[in-house]
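The structure appears right after this line, and notes come after that.
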């Protein structure tokens with residue numbers, strides 16, 4: 064039983080040490096990041112417009128919409144159901 068507790072404690076300490084090392088690397092890298100490396104506000108140029116299903120109100124890309132009676136649906140099955 065003592066051996067099991069020892070190994071569990073050792074694993075916990077190793078995991079904590081790895082996490083602390085990763086956090087310090089992220090902080091160090093974040094502090095030295097140049098202004099050119101930061102993402103630009105206009106980086107989402109390729110973003111697609113979203114549509115909302117008239118029945119279940121799920122948001123999805125408008126290119127995947129099933130359109131009927133001027134409304135957008137997420138699937139052909141929802142076209143047969145009444146809008147909410």
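In our numbering, the protein residues as written are 64 to 147. A virtual CB, placed ideally from N, CA and C, is assigned to each residue, including glycine. This structure is a prediction, so every number in the text was calculated from the model and none was measured.
Between which two residues does the alpha helix (DSSP H) carrying residue i extend?
| i | result |
| --- | --- |
| residue 131 | Looking at the DSSP string, residue 131 is not in any alpha helix (DSSP H); the run it does join, the beta strand (DSSP E), is 129 to 131. |
| residue 141 | 139 to 142 |
Are the beta-carbon atoms belonging to residue i and residue j less than 9 Å from one another?
| i | j | result |
| --- | --- | --- |
| residue 135 | residue 116 | yes |
| residue 118 | residue 139 | no |
I need the boundaries of the beta strand (DSSP E) containing residue i, first residue and last residue.
| i | result |
| --- | --- |
| residue 64 | Residue 64 -> no beta strand (DSSP E), and no H or E assigned at all. |
| residue 124 | 122 to 124 |
Report back the beta-carbon spacing between residue i and residue j to the nearest angstrom; my notes put them in contact at under 8 Å.
| i | j | result |
| --- | --- | --- |
| residue 120 | residue 113 | Residue 120 to residue 113, Cβ: 12 Å. No contact. |
Are the region 107 to 125 and the region 78 to 94 touching, with three or more C-beta to C-beta distances below 8 Å?
no
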